[in-house]
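Numbering (the working numbering), first residue to last: 822 to 1032.
This report refers to the structure that appears directly beneath it.
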């Protein structure tokens, strides 16, 4: 019973992370990125990073929303309830999202990889969905060559593992953190799908903004 309950709790936590991180996005299978490719300049990288994080309301709303879900589930129970418990969960969620994005962008800059997602030049739901899945783990270098997106994977596992160092002692940064990193990779795919179909989503949720 404990195993079933534990897995259920982890699934709920994963769903909460997905719901929270999708707020931040409010920005054939191997289809090429739109051409011609123009790499980011150094100042453009910084601008993109700041607007992905602290200059965007998304990361704050995501942290508050994720903390609300964990507060409702009383996860972890050691942090208790009330304002103090909620503050701990919100701070932890904000730090988690910040770490994940920071590691992704820092590694991308070090490897001269592009941190952006490139929507498909193809048409049709199926090809675009496949493109979103594949390009969750691919990116471009400064020469426009396709590369495995190691920075986004590093960010996912950093965001999954590091927070467990300030969680209660019964949590393992390696075991629980690795599992959380796997979940974050699922979130990465979900975010890519949202970004791929963001033009259609904007037309649905903001019909007045379209002619």
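Where is the CB? At the ideal position from N, CA and C, for every residue including glycine.
Local conformation of residue i per DSSP, three classes
i, result
"residue 959", "strand"
"residue 799", "Because the chain here runs from 822 to 1032, residue 799 falls outside it and cannot be looked at."
"residue 902", "coil"
"residue 881", "helix"
"residue 945", "coil"
"residue 915", "helix"
"residue 1003", "helix"
"residue 876", "coil"
"residue 768", "The shown model of the chain, from 822 to 1032, leaves out residue 768, and the question about it has no answer."
"residue 864", "helix"
"residue 940", "coil"
"residue 869", "helix"
"residue 1018", "coil"
"residue 1013", "helix"
"residue 858", "coil"
Which residues DSSP lists as bridging residue i, in chain order
i, result
"residue 968", "960"
For residue j and residue i, the rounded distance between their alpha carbons
i, j, result
"residue 1020", "residue 1026", "10 Å"
"residue 1014", "residue 937", "13 Å"
"residue 933", "residue 952", "22 Å"
"residue 961", "residue 968", "6 Å"
"residue 964", "residue 859", "9 Å"
"residue 940", "residue 976", "21 Å"
"residue 996", "residue 929", "26 Å"
"residue 1000", "residue 862", "35 Å"
"residue 913", "residue 984", "7 Å"
"residue 1010", "residue 954", "6 Å"
"residue 1007", "residue 957", "10 Å"
"residue 908", "residue 970", "34 Å"
Contacts around residue i, its chain only, beta-carbon distance under 7 Å, and the 5 residues preceding and following it disregarded
i, result
"residue 895", "902"
"residue 825", "Low confidence applies here, because residue 825 scores a pLDDT of 48, under 50, leaving its location unreliable and the question unanswered by this model."
"residue 852", "Low local confidence applies: a pLDDT of 43 at residue 852 is under 50, so the model's placement there is unreliable, with the coordinate-based value given in what follows. Contacts found: 941, 942, 943, 948 and 952."
"residue 888", "907, 910, 911 and 914"
"residue 874", "880, 919 and 922"
Cut-off 6 Å between Cβ atoms - residues of its own chain near residue i, not counting five sequence neighbours on either side
i, result
"residue 926", "870 and 936"
"residue 1022", "none"
"residue 980", "917, 920, 921 and 1005"
"residue 978", "1002"
"residue 891", "910"
Closer than 7 Å: residue i CB and nearest the ligand ATP heavy atom
i, result
"residue 1005", "What this structure holds is no ligand at all, so the ligand ATP is not there to describe."
Minimum Cβ-Cβ distance from residue i to chain B less than 8 Å
i, result
"residue 939", "Judged by its chain identifiers, the structure shown contains no chain B, having just a single protein chain."
Other residues of its chain near residue i: CB distance less than 8 Å, five sequence neighbours each side excluded
i, result
"residue 947", "none"
Proximity below 8 Å, CB of residue i to CB of residue j
i, j, result
"residue 899", "residue 972", "no"
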